[in-house]
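So for the sequence shown, this note's numbering puts the first residue at 75; every next one is plus one.
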Amino acid sequence: MRALLIAVLLLPLMAAAQTVSCRVVGVSDGDTLTCLAAGNQQIKVRLNQIDAPEKGQAFGQAAKRKLSSLVHGRQVQLRTEGLDKYGRTIAEVFSGSLNINKEMVRSGYAWAYREYVRDNEYLRLEEQARRASRGLWSEPNPIYPSEFRHGRRAGTVSRQILPPHEPRRNNQGGFACNGKRFCREMTSCAEARFYLRQCGVGRLDRDGDGVPCESLCR
Numbered sequence: 075m076r077a078l079l080i081a082v083l084l085l086p087l088m089a090a091a092q093t094v095s096c097r098v099v100g101v102s103d104g105d106t107l108t109c110l111a112a113g114n115q116q117i118k119v120r121l122n123q124i125d126a127p128e129k130g131q132a133f134g135q136a137a138k139r140k141l142s143s144l145v146h147g148r149q150v151q152l153r154t155e156g157l158d159k160y161g162r163t164i165a166e167v168f169s170g171s172l173n174i175n176k177e178m179v180r181s182g183y184a185w186a187y188r189e190y191v192r193d194n195e196y197l198r199l200e201e202q203a204r205r206a207s208r209g210l211w212s213e214p215n216p217i218y219p220s221e222f223r224h225g226r227r228a229g230t231v232s233r234q235i236l237p238p239h240e241p242r243r244n245n246q247g248g249f250a251c252n253g254k255r256f257c258r259e260m261t262s263c264a265e266a267r268f269y270l271r272q273c274g275v276g277r278l279d280r281d282g283d284g285v286p287c288e289s290l291c292r
C-alpha cells in the first residue's frame, strides 16, 4: 500500500520525460538505486535500457559495487521516462556529463536490455565490452539476466546467451546440471566453473568476482 501511495504521488512528476536532480543514498544492485530529491522525496530508480546481472549471478555483486562507486553519495540528474510496474522511476542517470547507464554497459557490468533498448549506442558499447573481455565478458558464456530469472523460477538455468556468430562451446569435462549446489560437492575447479556458468548456481561465487569455490579455484 505504501509503495502504491508513493507511486501515485510521484506519477505527475515522472509521467513525462524530464530531468530531476537528486542525491543517491542507496544502491540495490547493478541497475537499481535510491535517491533523495527536493524535500527529501525518495525516488527508487530503475536504470533505463540496461540489465545488470542478478545478485545470485556471477558478477552480480561486482555490478552492484561498480554502480555504487559511480553514484553513491553523489548528486545526479535523472532523465526520467515514467514508472515501471513496480513503481520505480525509469531513467537514464547522469553524474555531470557521464551517462551512468552507458558506463555500466561500456565497462562490462550490464547488458543492453534487448527488450527495451532504443538507443543503438547501448548495443555498440556492449559489443565493445565483449570484444575487450571487460567485466562479465571475461566469462566465456555469461547468462543474460532474463534467462537467469526464468531459469531460477523453473529451478535450473541451462540456456546461455552467446554473442552473435560465436558458437556454443563444448563441455569438455562431460559435466551435467544434476542438482549439485555446494562447493563441497564439486570434484574440481572445472566442475565448479561449469556449475556456475552453465547451471547458474550463483551460491558458488559468494563474493561475486566470477571465481567459484575459491578453495578449488586458487
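The beta carbon of each residue, even a glycine, is placed where N, CA and C say it ideally should be.
Bear in mind the structure is a predicted one, so any value in this text is a computation, not a measurement.
Taking a contact as a CB-CB distance under 8 Å, the pair SER95 and GLN135 does not count as one, their CB atoms being some 29 Å apart. DSSP places GLU265 in the uninterrupted alpha helix (DSSP H) bounded by 263 to 271.
C-alpha of THR163 to C-alpha of GLY156: approximately 6 Å in a straight line. The secondary-structure analysis by DSSP pairs CYS96 across a beta bridge with VAL150. If you check the CB distance, ASN175 and LEU121 come in under 8 Å. For ALA111, the enclosing beta strand (DSSP E) stretches over residues 106 to 111.
Spanning the alpha carbons of GLY248 and ARG139 requires a straight line of approximately 34 Å. Straight across, the Cα-Cα distance linking GLY282 with ALA111 is about 31 Å.
THR154 is positioned such that its CB atom lies no closer than 8 Å to that of ALA137. In this structure, ASP279 keeps its C-beta atom at 8 Å or more from the C-beta atom of ALA184.
With respect to the C-alpha of ARG271, the residue from GLY225, ARG198 and TYR160 having the closest C-alpha is GLY225.
Judged by DSSP secondary structure, ALA137 falls within the alpha helix (DSSP H) whose first and last residues are 134 to 145.
Following the DSSP letters along the chain, one finds VAL167 inside the beta strand (DSSP E) bounded by residues 163 to 169.
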